[in-house]
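K.L.:
So for the sequence shown, this note's numbering puts the first residue at 5; every next one is plus one.
One structure is given below, represented as C-alpha cells, and several questions about it will come after.
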Amino acid sequence: MSVVDVLLADTLLYSDGKSRPVVEAEAVLRANHVILCEAEDFNKRQIFALCLQISAMKSSPHEVKVKLGSRGTPVEQWNCICSCKAGQYGYCKHFVAVHSYVN
Ligand SMILES: [Zn+2]
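Written as C-alpha cells, this is what we have:
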C-alpha cells in the first residue's frame with residue numbers, strides 16, 4: 005500500500021515539462037537515497053521525507069515536506085518545500101523522488 009496516493013500524471017504535470025529533475029529523481033530512487041517517507045496527514049496528503057545528499061553523504065539528509073491537499077486538489081495548489089538549494093524555488097529532484105516513492 006502506498007504512503008499517499010499521488011498520480012504519476014500529476015507529478016509530471018507538477019514538473020512543468022522539465023525532464024532534468026525527473027531523470028535525477030530516478031537516480032535518487034535507484035540509489036535508495038529516500039531513507040524516510042511517512043504520511044503526516046493521510047487525508048490531506050501531507051508527507052515528510054528525508055533524502056540522502058548524493059554529493060555529501062555524511063551531511064544531514066535533505067528534508068522534504070509535501071502538502072498536496074485532499075484528493076483532487078489541483079497541482080497548482082501543491083506546496084512542496086525541500087532543504088536543498090533548488091527546493092527553495094518550489095521544485096527539485098527530491099520532490100519528484102518522493103512523489104514517485106509514495107506510489
Ligand atoms: Zn530538494
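A virtual CB, placed ideally from N, CA and C, is assigned to each residue, including glycine.
Just so you know, these numbers come straight off a predicted model, no measurement behind them.
To the nearest angstrom, report how far apart Asn107 and Val8 are at their CA atoms.
P.N.:
7 angstroms
K.L.:
Among residues of its own chain, excluding the 5 on either side of Pro25, which ones have a beta-carbon nearer than 7 angstroms to its beta-carbon?
P.N.:
Ser19, Tyr95, Cys96, Lys97, Val100
K.L.:
Taking the straight line between their C-alpha atoms, what separation do you get for Ile64 and Cys86?
P.N.:
Checking the displayed sequence, the identity of residue 64 turns out to be Ser instead of Ile. Spanning the two alpha carbons is a distance of roughly 13 angstroms.
K.L.:
Pick helix, strand or coil for Ala35, following the three-state DSSP scheme.
P.N.:
coil
K.L.:
Using C-beta distances below 7 angstroms, list every residue in its chain close to Cys88, excluding the 5 sequence neighbours before and after it, in chain order.
P.N.:
His66, Cys96, His98
K.L.:
Rounding to the nearest angstrom, what Cα-Cα distance links Cys41 and Leu56 in this structure?
P.N.:
12 angstroms
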